[in-house]
Amino acid sequence: MTAIPRRTRRTERPTPVLPTLPDDFAVRVIAWQQRYGRHHLPWQNTGDAYRTWLSEIMLQQTQVSAVLGYYARFIERFPTVQALAAAPADDVMAAWAGLGYYTRARNLHRCAQIVVAEHGGVFPRDPDVLTTLPGIGRSTAAAIAAFSYGVRAAILDGNVKRVFARAFGIDGFPGDKPVEETMWRIAEAVLPPAGGIQPYTQGLMDLGATVCTRGRPACLTGERACPLESLCEARRTDRVMELPLPRPRKAVPERAATVMMALHDHAVLLHRRPQRGIWGGLWSLPLVGDMDDALNAHPKDAATVRDAAQTYGTVGAVEPAGELTHTFTHFRLHMHLLRVDMTEPAALEDDWRWVSLTQLGTVGLPAPVKLALETLLQPSLV
DNA sequence: AATTCGGGGTG
DNA sequence: CACCCAGAATT
């Protein structure tokens with residue numbers, strides 16, 4: 155009888171090797187935070203899980219400086235989760251316009267309604283329950299639970315990934331699955347006891363934002379002390395500026411769109427974008443033929459634009475009005491602008507409306523569309 | 001596991 | 001211009 159070699163499962167992966175972790179990591183972070191960390195951000199220590207949640211959603215992929223104004227306006231306009239849940243979706247989108255990642259705003263609204271309808275208006279304290287809510291992933295759930303309720307849970311955001319990559323000498327791009335898994339294990343392993351979770355979590359964020367920064371880390375500029383310097387692997391091996399490894403680069407696709415600016419009686423025609431896709435749910439200038447691959451899409455000619463515009467009224471003059479290029483994270487958009495004068499507007503379907511030029515500020519407009527309008531109109535009107 | 005979602009800050 | 005930011009949802 156010949157022995158049959160046991161087949162190794164193809165899904166089997168080597169257990170990620172964890173670096174040796176110091177036992178005083180959290181102690182260092184907490185002590186540093188209490189003395190040198192940020193203590194006066196408007197969403198800190200409010201004792202209000204609603205405010206913690208709102209700030210965490212706004213801060214996803216968005217810097218503190220960009221969030222401050224939006225947060226203040228949101229709290230004023232929607233002071234409670236009940237107020238937000240009861241608000242029209244359009245109002246929420248308008249308040250979010252300009253912050254980007256508009257799926258966050260739709261999820262925010264849905265989440266508020268679920269919290270009110272199914273949780274009595276109180277945010278859950280269990281991270282696993284929080285994760286089931288729209289817009290809340292593993293890291294955001296941990297941040298909400300830790301800040302609002304003192305629950306011992308690990309975050310892992312861009313700041314923390316950078317601190318870990320340097321402190322523990324983690325090679326590889328942190329967005330890669332295996333690297334990210336390793337970092338989650340580290341994050342769980344270095345957690346302090348529950349009593350210190352708030353200053354610890356805040357301290358990790360503050361370290362990444364003010365000391366262990368991407369461009370000018372304090373250990374190299376000497377501007378301030380880093381509590382991790384004596385244990386930092388990147389510092390020891392002189393690799394601070396190398397870590398974490400950057401995202402592998404790809405060519406940025408080029409796309410083009412013909413943008414119609416139809417005017418009638420000091421009002422402009424706007425169209426609400428579909429919920430899915432770019433600028434989902436936001437009002438925009440109509441795009442004739444939407445966005446096309448720039449290689450085979452040339453600007454639509456005046457006759458095509460006139461044809462498209464006739465759906466919305468009687469068309470007068472059609473004139474080219476310049477070109478704008480906007481770079482997104484994942485593609486570059488060339489916008490060809492055409493101005494259309496409408497002499498007699500027709501009845502409009504849902505998701506279409508004429509907006510007075512003086513009212514444009516009250517509508518949620520994506521930044522490039524706002525820029526196009528500013529280019530075509532007097533800046534004071536937008 | 002890889003892609004899709006923005007706008008703005010920073011070097 | 002390149003790269004990143006208190007990431008999550010989708011495919």
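The working numbering numbers the first residue of the first sequence as 155 and each following residue consecutively.
C-beta atoms are modelled at their ideal positions from N, C-alpha and C, and glycine is treated no differently.
Pro-499 - DSSP class collapsed to helix/strand/coil: Here Pro-499 sits in strand by DSSP.
Could you check if Ala-501 is buried or exposed, using at least 16 other CB atoms within 10 Å of its CB as the buried criterion? Counting Cβ neighbours within 10 Å, Ala-501 comes out exposed, since fewer than 16 surround it.
Per DSSP, Glu-477 is paired with what? The secondary-structure analysis by DSSP pairs Glu-477 across a beta bridge with His-490.
Quick check: the segment 409-426 against the segment 522-532, are there 3 or more CB pairs under 8 Å? These segments touch.
Beta carbon of Leu-284 nearer than 9 Å to that of Ile-268: No, these two residues do not count as a Cβ contact at 9 Å.
Looking only at its chain, what residues have a beta carbon closer than 6 Å to the beta carbon of Asp-202, apart from the 5 residues adjacent to it on each side? Cβ neighbours of Asp-202 beyond the five flanking positions: none.
Going by Cα to Cα distance, which pick from Ile-229, Val-305, Pro-353 is closest to Val-183? The residue with the shortest Cα to Cα distance from Val-183 is Pro-353.
What three-state label does DSSP hand Trp-250 in the structure shown? Correct three-state label for Trp-250: helix.
DSSP bridge partner residues for His-537 (one or two, in chain order): No statement about residue 537 is possible, as the shown extent of the chain runs from 155 to 536 and does not include it.
Pick helix, strand or coil for Ala-341, following the three-state DSSP scheme. Helix, per DSSP.
Taking the alpha-carbon positions, what's the Arg-264 to Ala-462 distance? CA-to-CA, the gap between Arg-264 and Ala-462 works out to about 35 Å.
Count the other C-beta atoms from every protein chain shown that fall within 10 angstroms of the C-beta of Asp-282, then say buried if there are 16 or more, exposed otherwise. Counting Cβ neighbours within 10 Å, Asp-282 comes out exposed, since fewer than 16 surround it.
For my contact list, Leu-345 and Ala-180 are in at a C-beta cut-off of 8 Å; report their separation, rounded to the angstrom. Beta-carbon to beta-carbon, Leu-345 and Ala-180 are separated by about 7 Å, close enough to satisfy the 8 Å threshold.
What would DSSP say about Gly-223, mapped onto helix, strand or coil? Helix.
Report the residue from Pro-328, Met-489, Ile-290, Gly-252 whose alpha carbon sits nearest the alpha carbon of Ala-266. When C-alpha distances from Ala-266 are compared across Pro-328, Met-489, Ile-290, Gly-252, the shortest belongs to Ile-290.
Which term fits Val-517, buried or exposed, when burial requires 16 or more other beta carbons within 10 angstroms of its beta carbon? So Val-517 counts as buried.
Taking the C-alpha atoms as reference points, what is the distance between Thr-497 and Met-489? Their Cα atoms are separated by approximately 25 Å.
Proximal residues to Phe-314 (C-beta, below 6 Å), its chain only, five neighbours per side dropped: Sequence inspection shows Val at residue 314; the Phe mentioned does not correspond to that position. Same-chain partners within the cutoff: Leu-358.
Below 8 Å, how does it come out for the segment 247-261 and the segment 434-448: are there three or more Cβ pairs, yes or no? Output reads yes: the segment 434-448 touches the segment 247-261.
Distance, Cα to Cα, Val-365 vs Thr-375? Taking the Cα positions, Val-365 is about 10 Å away from Thr-375.
Out of Gly-349, Arg-316, Pro-278, Ile-340, which one is the CA nearest neighbour of Pro-176? Ranked by how close their Cα comes to the Cα of Pro-176, the residues Gly-349, Arg-316, Pro-278, Ile-340 have Ile-340 in first place.
Excluding five sequence neighbours on each side, which residues of the same chain lie with their C-beta closer than 6 Å to the C-beta of Pro-168? Unreliable positioning characterises Pro-168 in this predicted model, as indicated by a pLDDT of 39, which lies under 50. A coordinate reading is not provided.
Check each candidate in Ser-302, Arg-389, Pro-347 and name the one with the smallest Cα separation from Phe-318. The option with the nearest alpha carbon to Phe-318 is Arg-389.
Kindly indicate the opening and closing residues of the alpha helix (DSSP H) around Arg-264. Taken as a continuous stretch (DSSP letters only), the alpha helix (DSSP H) holding Arg-264 covers 257-272.
From Asp-178 to Leu-382, what distance separates their C-alpha atoms? Taking C-alpha positions only, Asp-178 is separated from Leu-382 by approximately 10 Å.
For a test of the three-state rule: what should DSSP assign to Trp-186, helix, strand or coil? For Trp-186, the three-state secondary structure derived from DSSP is helix.
Hey, quick one: how far does the alpha helix (DSSP H) through Ser-209 stretch, first residue to last? Segment 203-212, the alpha helix (DSSP H) holding Ser-209.
Go ahead and pull the three-state DSSP assignment for Gly-443. The DSSP-derived three-state label of Gly-443 is strand.
DSSP three-state assignment for Gly-470, whether helix, strand or coil: In the three-state scheme derived from DSSP, where H, G and I count as helix and E and B as strand, Gly-470 is classed as strand.
Rounded to whole angstroms, what is the Cα-Cα separation between Pro-347 and Ile-211? Roughly 26 Å between the two C-alpha positions.
Cβ shell of Ala-372 (< 8 Å), same chain only, five flanking positions each side left out: Taken in chain order, the residues that qualify are Thr-364, Val-365, Cys-366, Arg-378, Ala-379, Cys-380.
What number of angstroms, rounded off, separates the C-alpha of Leu-441 from the C-alpha of Leu-423? Going by C-alpha positions, Leu-441 is about 11 Å away from Leu-423.
Determine the closest residue to Gly-275 out of Ala-237, Tyr-303, Arg-258, Thr-286, with distance taken between C-alpha atoms. The alpha carbon of Gly-275 has as its nearest neighbour, out of Ala-237, Tyr-303, Arg-258, Thr-286, the alpha carbon of Ala-237.
Other residues of its chain near Ala-296: CB distance less than 6 Å, five sequence neighbours each side excluded: For Ala-296, same chain residues with a beta-carbon under 6 Å away, outside a window of 5 residues either side, are Pro-281, Ala-307, Ala-308, Ile-309 in chain order.
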